[in-house]
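With the first letter of the sequence shown counted as 1, position 116 gets the number 116 in full-length UniProt numbering; the numbers rise by one all the way through.
Just so you know, even glycine gets a beta-carbon here, dropped at the ideal spot from N, CA and C.
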Amino acid sequence: MFFRIDDRLVHGQVVTAWIKQLGAKKIVVIDDLAASNPIISKALTMATPKHVELVIKKLDEATQCVNEYPENETLFIAKAPVSAKQVIEANDQYDWKLNVGNVGMAPGRKKYAQTVHLDDENYQAIDALNCKDCVEVFMQTVPGQPVSTF
Numbered sequence: 001m002f003f004r005i006d007d008r009l010v011h012g013q014v015v016t017a018w019i020k021q022l023g024a025k026k027i028v029v030i031d032d033l034a035a036s037n038p039i040i041s042k043a044l045t046m047a048t049p050k051h052v053e054l055v056i057k058k059l060d061e062a063t064q065c066v067n068e069y070p071e072n073e074t075l076f077i078a079k080a081p082v083s084a085k086q087v088i089e090a091n092d093q094y095d096w097k098l099n100v101g102n103v104g105m106a107p108g109r110k111k112y113a114q115t116v117h118l119d120d121e122n123y124q125a126i127d128a129l130n131c132k133d134c135v136e137v138f139m140q141t142v143p144g145q146p147v148s149t150f
């Protein structure tokens with residue numbers, strides 16, 4: 001299973017690079033606000049290519065429905081590592097690749113890569129996932145760029 005952390009959710013890099021690289025036929029956005037806000041949902045739908053199915057789930061729903069999505073055809077996206085941690089820990093029977101791609105600067109966040117800035121809570125989530133045998137954690141903005149680790 002491929003899980004991307006990107007606080008912009010569905011946007012150009014995801015659409016032009018990651019979907020193509022992964023051969024994804026489905027995107028599962030995990031975000032409580034997007035799932036409950038029709039304007040945000042519509043914007044995400046408009047950003048998604050027509051040949052890719054978009055599903056938007058609240059976090060608590062997403063932890064329970066991972067098994068509904070084909071392993072090699074689904075791209076999971078959330079804004080923060082704490083969300084990924086919750087989904088992955090509830091579904092640790094799968095092997096996960098966790099791509100930390102973009103988390104913007106904000107007060108209280110430390111820079112870990114050019115496009116990755118995490119507060120303590122989210123760094124601890126990454127650290128906990130990094131210790132799991134079923135999870136490969138890496139930082140990469142787009143395919144083809146160098147991969148970094150924590």
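* To do: Answer with buried or exposed for Asp133, where buried requires no fewer than 16 other C-beta atoms within 10 angstroms of its C-beta.
  => Counting from 1 along the sequence shown, the entry for residue 133 is found at position 133. Asp133 should be labelled exposed.
* Taking just the CA atoms, how far does Thr74 sit from Thr45? -> Counting from one through the sequence shown, the residue named residue 45 turns up at place 45. Counting from one through the sequence shown, the residue named residue 74 turns up at place 74. If I take the Cα positions, the gap works out to 16 Å.
* Can you tell me which of Thr115, Lys57 and Asn122 puts its alpha carbon nearest to the alpha carbon of Pro146? => Residue 146 sits at position 146 when you count from the first residue of the sequence shown. Nearest C-alpha to Pro146: Thr115.
* To do: For Pro81, count neighbouring Cβ atoms within 10 angstroms of its own Cβ and tell me buried if that reaches 16, exposed if not.
  => Counting from one through the sequence shown, the residue named residue 81 turns up at place 81. With 16 or more other CB atoms across the displayed protein chains lying within 10 angstroms of its CB, Pro81 is buried.
* To do: Provide the residue span of the beta strand (DSSP E) that contains Asp132, from first to last.
  => Here residue 132 corresponds to residue number 132 of the sequence shown, with the count starting at 1. Reading off the sequence, residue 132 comes out as Lys, not Asp. From DSSP, Lys132 is part of no beta strand (DSSP E); its letter is neither H nor E.
* To do: Put Val22 into one of helix, strand or coil per three-state DSSP.
  => Taking the sequence shown and counting its residues from 1, the one referred to as residue 22 is at position 22. At residue 22 the sequence reads Leu, which differs from the Val that was named. If DSSP states are grouped into helix, strand and coil, Leu22 belongs with the helices.
* Note the first and the last residue of the continuous alpha helix (DSSP H) segment covering Thr45. => Numbered from its first residue, the sequence shown carries residue 45 at position 45. Unbroken alpha helix (DSSP H) run through Thr45: Pro38 to Ala47.
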